[in-house]
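Undergrad: Here's a structure for you.
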Amino acid sequence: MEPVTAMNTPAKPLAQNPDIRYLGRLLGDVIRAYGGDRIFERIESIRASSVDRHRGVDRHRGVADAASLDRGLDALSLDDTLAFVRATSMGMRVFGEPNPAPVPFVAKEPNSVGTPFSFRNTGIAAAGAVDIFYSSGTFDLGPDDALVMEGTMPDGVFANLVLWNPHMQMLEYRSRRASLNSRQMELGDDGSYRLVIAARDPGVVNWLDTGGHPRGTMFWRFLLPKDDPETPRCRVVPVSEVATA
47 MEPVTAMNTP
57 AKPLAQNPDI
67 RYLGRLLGDV
77 IRAYGGDRIF
87 ERIESIRASS
97 VDRHRGVDRH
107 RGVADAASLD
117 RGLDALSLDD
127 TLAFVRATSM
137 GMRVFGEPNP
147 APVPFVAKEP
157 NSVGTPFSFR
167 NTGIAAAGAV
177 DIFYSSGTFD
187 LGPDDALVME
197 GTMPDGVFAN
207 LVLWNPHMQM
217 LEYRSRRASL
227 NSRQMELGDD
237 GSYRLVIAAR
247 DPGVVNWLDT
257 GGHPRGTMFW
267 RFLLPKDDPE
277 TPRCRVVPVS
287 EVATA
């Protein structure tokens, strides 16, 4: 009996959910935008060879074995590698440059957040939960600046605002407050909130500490709100004037 091997076994389709396909397209758009077509095509060839090897497929690219993948990776120059790393690590959060793959809930201007958006009933295959409204944007603040964010908290199960660095990593949270949820926030009797994002203590409640990061991302999640959340209003003021602004 002929032994069963990866190369003589019929290829099985890889099951991918819509989130995976969406993320793949998004990553491809980012690599092409920040690395150029040549880098995209080279990375796509390596990716496709890797998938073929996993599936046991021998296509026109040649035998998809470990050696061929190594050759493809070794062919990348230092500049190619740096371009790929920059695209995949900074991605949509390269400040001052156009977003190659716009996201519905992300603000286009710094120091603001987008209109809260849910993927529920949109028919969009995306990496987002349908029971959550998302809102996001970037902050770009000087050492004496403070971003004041105001709005009304919707009635719902949970909500929070988190600060990330440009690489989508949460800021230091063990000794600093880099996030607040709806239970931690001090709200007005009408559910209104007033949050402050700054590098130093403005002397008011609901302060989120940037930890000295001049730039980063603000990311809201509103879980199962009874009504669509309103867009948070943002403005930049001197830290010394936060209490009276």
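In my numbering, the protein residues as written are 47 to 291. The beta-carbon is built from N, C-alpha and C at its ideal position, and this holds for glycine as well. Since we're looking at a predicted model, the values are computed, not measured.
Leu73 by DSSP, collapsed to three states: which one?
TA: Within the sequence shown, numbered from 1, the residue matching residue 73 stands at position 27. Three-state result, Leu73: helix.
Undergrad: If you drop the 5 nearest sequence neighbours on each side, which residues of the same chain put their C-beta closer than 7 Å to that of Glu287?
TA: As a position in the sequence shown, residue 287 is number 241, starting the count at 1. Here the set comprises nothing.
Undergrad: Excluding the 5 residues preceding and the 5 following Arg222 in the sequence, name in chain order all residues of the same chain whose CB lies nearer than 8 Å to its CB.
TA: Looking up residue 222 in the sequence shown gives position 176. Here the set comprises Asp255 and Gly257.
Undergrad: Can you tell me whether Tyr239 is buried or exposed, with buried defined as 16 or more other CB within 10 angstroms of its CB?
TA: Here residue 239 refers to the residue found at position 193 when the sequence shown is read from its first residue. It counts as buried.
Undergrad: Give me, in chain order, the residues of the same chain whose beta-carbon lies closer than 8 Å to that of Gly262; leave out the 5 immediate sequence neighbours on both sides.
TA: The residue you call residue 262 lines up with position 216 of the sequence shown. Correct list, in chain order: Thr184, Phe185, Leu209, Trp210, Asn211, Pro212, Leu217 and Thr256.
Undergrad: Express the C-alpha separation of Asp125 and Arg107 in angstroms, rounding to a whole number.
TA: Reading the sequence shown from its first residue, position 61 is the one you call residue 107. Reading the sequence shown from its first residue, position 79 is the one you call residue 125. Only weak support exists for where Arg107 lies, its pLDDT of 47 falling under 50; the value from the coordinates is given anyway. Their backbone Cα atoms lie some 24 Å apart in a straight line.
Undergrad: Please work out which residues of its chain come closer than 7 Å, Cβ to Cβ, to Pro200, disregarding the five sequence neighbours upstream and downstream, and give them in chain order.
TA: Here residue 200 corresponds to residue number 154 of the sequence shown, with the count starting at 1. If we look at Pro200 and ignore the five residues flanking it on each side, its Cβ neighbours are Phe268, Pro271, Lys272, Asp273 and Pro275.
Undergrad: Which residue from Ala291, Gly237 and Met264 puts its Cα closest to that of Pro156?
TA: Within the sequence shown, numbered from 1, the residue matching residue 156 stands at position 110. Nearest C-alpha to Pro156: Met264.
Undergrad: Tell me the rounded alpha-carbon separation between Asp83 and Leu122.
TA: Numbered from its first residue, the sequence shown carries residue 83 at position 37. Numbered from its first residue, the sequence shown carries residue 122 at position 76. Computed Cα separation, rounded: 14 Å.
Undergrad: Helix, strand or coil: which one does DSSP assign to Val152?
TA: As a position in the sequence shown, residue 152 is number 106, starting the count at 1. If DSSP states are grouped into helix, strand and coil, Val152 belongs with the strands.
Undergrad: Hey, could you find the ends of the beta strand (DSSP E) Asn227 is sitting in?
TA: As a position in the sequence shown, residue 227 is number 181, starting the count at 1. Residues Ser225 to Asn227.
Undergrad: I need the straight-line Cα distance from Leu187 to Gly70, nearest angstrom please.
TA: For the purposes of this step, residue 187 is identified with residue 141 of the sequence shown, where counting begins at 1. For the purposes of this step, residue 70 is identified with residue 24 of the sequence shown, where counting begins at 1. Looking at the two C-alpha atoms, the distance is approximately 32 Å.
Undergrad: Would you list the residues sitting across from Val282 in a DSSP beta bridge?
TA: Translated into the one-based positions of the sequence shown, residue 282 becomes position 236. DSSP output for Val282 lists Leu193 as bridge partner(s).
Undergrad: Using a C-beta cutoff of 8 Å, does Ala79 count as contacting chain B?
TA: The structure shown contains no chain B; it is built from a single protein chain.
Undergrad: In chain order, what residues of the same chain lie with their CB nearer than 8 Å to the CB of Gly249, ignoring the 5 residues before and after it?
TA: Position 203 of the sequence shown, counted from the first residue, corresponds to residue 249. Same-chain partners within the cutoff: Val288 and Ala289.
Undergrad: Taking Asn206 as part of the beta strand (DSSP E), name the residues at either end of that continuous run.
TA: Stepping through the sequence shown from its first residue, residue 206 is reached at position 160. Its beta strand (DSSP E) spans residues Phe204 to Trp210.
Undergrad: Please name the residue, chosen from Thr277, Ala291, Pro284 and Val285, that lies closest to Phe151 on a Cα-to-Cα basis.
TA: Sequence index remark: in the sequence shown, residue 151 carries index 105 (1-based). Checked all of Thr277, Ala291, Pro284 and Val285; the closest Cα to Phe151 is Thr277.
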